[in-house]
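Here the numbering used here = 1-based position in the sequence shown + 563.
Using N, Cα and C, we set each Cβ at its ideal position, and we do this for glycine too.
Report on the following structure.
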Amino acid sequence: MSLILSTLCRTHAERKPPEGFLPIESPLTASLNRYYEPWETITANLPSLISSRVLRDSVDCMPILSVLHLQAEPEWRRAYVLLTFMLHGYIWGCPNPVEIIPPPLAIPLLQVSAHVELPPIATFAGLCLWNYKVIDADRSPADPENLGTGFTFTGTDDEKWFYLISVAIEADGARVVSLMTDLITASQRQDRLAVTKGLDLLSKAISHVRSLLQRMYERCDPHVFYHHLRPFLNGTKNAAHAGLPFGILYNDGTGLQEYTQYRGGSNAQSSLIQLFDIILGIEHSSDERAFLLEMRQYMPGPHRRFLERIPPHANMREFVRNNPCGEELNAAYARAVCMLRSLRNAHLRIVSRYIIVESKKTTPILCSICNSRTHTTNPLEFSKDLSVDCSRQDDSRKRGAALRGTGGTPLVQFLKRLRDDTNYY
Numbered sequence: 564m565s566l567i568l569s570t571l572c573r574t575h576a577e578r579k580p581p582e583g584f585l586p587i588e589s590p591l592t593a594s595l596n597r598y599y600e601p602w603e604t605i606t607a608n609l610p611s612l613i614s615s616r617v618l619r620d621s622v623d624c625m626p627i628l629s630v631l632h633l634q635a636e637p638e639w640r641r642a643y644v645l646l647t648f649m650l651h652g653y654i655w656g657c658p659n660p661v662e663i664i665p666p667p668l669a670i671p672l673l674q675v676s677a678h679v680e681l682p683p684i685a686t687f688a689g690l691c692l693w694n695y696k697v698i699d700a701d702r703s704p705a706d707p708e709n710l711g712t713g714f715t716f717t718g719t720d721d722e723k724w725f726y727l728i729s730v731a732i733e734a735d736g737a738r739v740v741s742l743m744t745d746l747i748t749a750s751q752r753q754d755r756l757a758v759t760k761g762l763d764l765l766s767k768a769i770s771h772v773r774s775l776l777q778r779m780y781e782r783c784d785p786h787v788f789y790h791h792l793r794p795f796l797n798g799t800k801n802a803a804h805a806g807l808p809f810g811i812l813y814n815d816g817t818g819l820q821e822y823t824q825y826r827g828g829s830n831a832q833s834s835l836i837q838l839f840d841i842i843l844g845i846e847h848s849s850d851e852r853a854f855l856l857e858m859r860q861y862m863p864g865p866h867r868r869f870l871e872r873i874p875p876h877a878n879m880r881e882f883v884r885n886n887p888c889g890e891e892l893n894a895a896y897a898r899a900v901c902m903l904r905s906l907r908n909a910h911l912r913i914v915s916r917y918i919i920v921e922s923k924k925t926t927p928i929l930c931s932i933c934n935s936r937t938h939t940t941n942p943l944e945f946s947k948d949l950s951v952d953c954s955r956q957d958d959s960r961k962r963g964a965a966l967r968g969t970g971g972t973p974l975v976q977f978l979k980r981l982r983d984d985t986n987y988y
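This is the structure in structure tokens:
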């Protein structure tokens, strides 16, 4: 076994494979040290604070809390979740976004983000990986109905379901981490039969992910997603159309800070999805490859390093190319690639329904959550206030936003190019 593969397998073992990219220690469900009660209270009440237009005042009045009372890693992760939810509510919770983040939020957020090796912005990790709870420990976390969400912006079941589908996908896809090391080992032994079987298992794993993704339609209404949730997921990069031409400034009290821009939360920040490409040796064009590499900076440090340690030659495309006479091997590889392409097509259909179709409704139906089947902490108050916000939004601004994902990329074109790159030729 090569030194790189040995190191990779040790890293894999240390990460407790059953969880894949979900944390080894489940996210905390109990509050942090009482010292952090201001963070806990505000984030737990985000929907009502946003709807009553008092979130910004509440954050401005917070004390500047030290991070010295955070100890175990789950505490740091929970702090990151609390502060980034608070951040996006603060920025996007009113019709006019805010570009200056006050010290009570900015200072601890910068410190916590540095510790967990993530940007000081909402990421896939903070929204999904570290923001869930398992309802019944005897049942699989790959079942979204066995999961609950810690925090939300809107309080709607739709928002919770949106996050939990991603958590279930990560739980279900955990097997791929073990499968990858098995495939690399088999390919280095030139064991075509083992690689063929492994590729068929990979096809099944991707098929399961696709099935889970398609369950998004069950409990996440496109109208609620687009008009109520999606604005909170925006980043601060390429955000001039949303009112932040320079990004945001984290006021750390030094007077030396500058404007910074970050991408918003995106499924491109899922290490699992990038792992599919790595295993199958999918080669993306330069622009797409550059963006996907940038997205690794929005992954937790251990996940990012895990992907970086996978040797460039350890992909099944190269192995298959070197074994052109292995008909069953080539067929298994083609099936796996076709299944990944099918997953990307399923994602494109969701984007079309949830974003493209909704963005063309230039005068949205009254943005009342009460008119949907979802529930909030205080539905009447929340829907009343947000219906006013939605009716006042500038349509051209919304159409401009619709052309880009929350990660800041031209959405449909980018996803189609990723899909088109997913081939076995």
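request  = Please indicate yes or no: does the CB of Ala-669 lie closer than 7 Å to some heavy atom of the ligand ADP?
outcome  = Absent from the structure shown: the ligand ADP. Ligands present: none.
task = Pick helix, strand or coil for Val-630, following the three-state DSSP scheme.
result = On the sequence shown, residue 630 is found 67 positions in, with the first residue counted as 1. DSSP places Val-630 in coil when its eight states are reduced to three.
key: Terminal residues of the alpha helix (DSSP H) in which Arg-727 lies   = Reading the sequence shown from its first residue, position 164 is the one you call residue 727. In the sequence as displayed, the identity of residue 727 is Leu instead of Arg. Element bounds for Leu-727: 720 to 735.
message = Between Pro-601, Ser-629, Pro-785, Pro-610, which has its C-alpha nearest Lys-924's C-alpha?
response = For this step, residue 924 is matched to residue 361 along the sequence shown. When C-alpha distances from Lys-924 are compared across Pro-601, Ser-629, Pro-785, Pro-610, the shortest belongs to Pro-785.
ask   = Going by alpha carbons, who is nearest to Pro-863 out of Leu-631, Ile-747, Cys-691, Pro-626?
value = Position 300 of the sequence shown holds residue 863. Checking every option, the nearest Cα to that of Pro-863 belongs to Cys-691.
query = Which whole-angstrom value describes the C-beta separation of Thr-647 and Gly-689, a residue pair presumed to lie in contact below a C-beta threshold of 8 Å?
reply = Working through the sequence shown from its first residue, we reach residue 647 at position 84. Working through the sequence shown from its first residue, we reach residue 689 at position 126. A Cβ-Cβ separation of about 5 Å places Thr-647 in contact with Gly-689 under the 8 Å criterion.
Gly-713 versus Asn-885 - alpha carbon distance = Mapped onto the sequence shown, residue 713 falls at position 150. Mapped onto the sequence shown, residue 885 falls at position 322. Rounded to whole angstroms, the separation of the alpha carbons of Asn-885 and Gly-713 is 48 Å.
query = Rounded to whole angstroms, how far is the Cβ of Glu-722 from the Cβ of Leu-792, which I believe are closer than 8 Å?
reply = Working through the sequence shown from its first residue, we reach residue 722 at position 159. Working through the sequence shown from its first residue, we reach residue 792 at position 229. Confirmed, Cβ separation roughly 5 Å.
Unbroken stretches of the alpha helix (DSSP H), 4 residues or longer, contained in the stretch 768 to 841 = Listed in chain order, they are 779 to 782, 793 to 796.
request  = Could you name each continuous alpha helix (DSSP H) segment of 4 residues or more that falls completely within the stretch 585 to 633, going from the start of the chain to the end?
outcome  = With a minimum length of 4 residues, the unbroken runs of alpha helix (DSSP H) contained wholly in the stretch 585 to 633 fall at 600 to 607, 609 to 614, 618 to 623.
task = Closer than 8 Å by C-beta to Gly-583: which residues in its own chain qualify, once you throw out the five before and the five after it? Chain order, please.
result = Stepping through the sequence shown from its first residue, residue 583 is reached at position 20. The residues are Glu-733, Ala-734, Gly-736, Ala-737, Arg-738, Val-739, Val-740, Leu-835.
ask   = What number of angstroms, rounded off, separates the C-alpha of Arg-597 from the C-alpha of Asn-801?
value = For the purposes of this step, residue 597 is taken as the residue at position 34 of the sequence shown. For the purposes of this step, residue 801 is taken as the residue at position 238 of the sequence shown. Between the alpha carbons of Arg-597 and Asn-801 lies a gap of roughly 38 Å.
inquiry  = Within 8 Å, do at least three Cβ pairs link the stretch 693 to 701 to the stretch 659 to 674?
reply    = Segments in contact, no.
query = Is it right to say Pro-626 is buried, meaning 16 or more other beta carbons lie within 10 angstroms of its own, or is it exposed?
reply = Your numbering for residue 626 matches position 63 in the sequence shown. Classification for Pro-626: exposed.
inquiry  = Between the stretch 750 to 766 and the stretch 886 to 905, can you find at least three pairs of beta-carbon atoms closer than 8 Å?
reply    = Because the criterion of three Cβ pairs below 8 Å is met, the stretch 886 to 905 and the stretch 750 to 766 touch.
request  = Taking the CB atoms as reference points, tell me whether Val-679 and Val-630 lie closer together than 8 Å.
outcome  = Counted from its first residue, the sequence shown places residue 679 at position 116. Counted from its first residue, the sequence shown places residue 630 at position 67. No; because the gap between Cβ atoms is not below 8 Å, this pair is not in contact.
ask   = Are there 16 or more other CB atoms within 10 angstroms of the CB of Thr-606, so buried, or fewer, so exposed?
value = By 1-based counting over the sequence shown, the position of residue 606 is 43. Under this definition Thr-606 is a buried residue.
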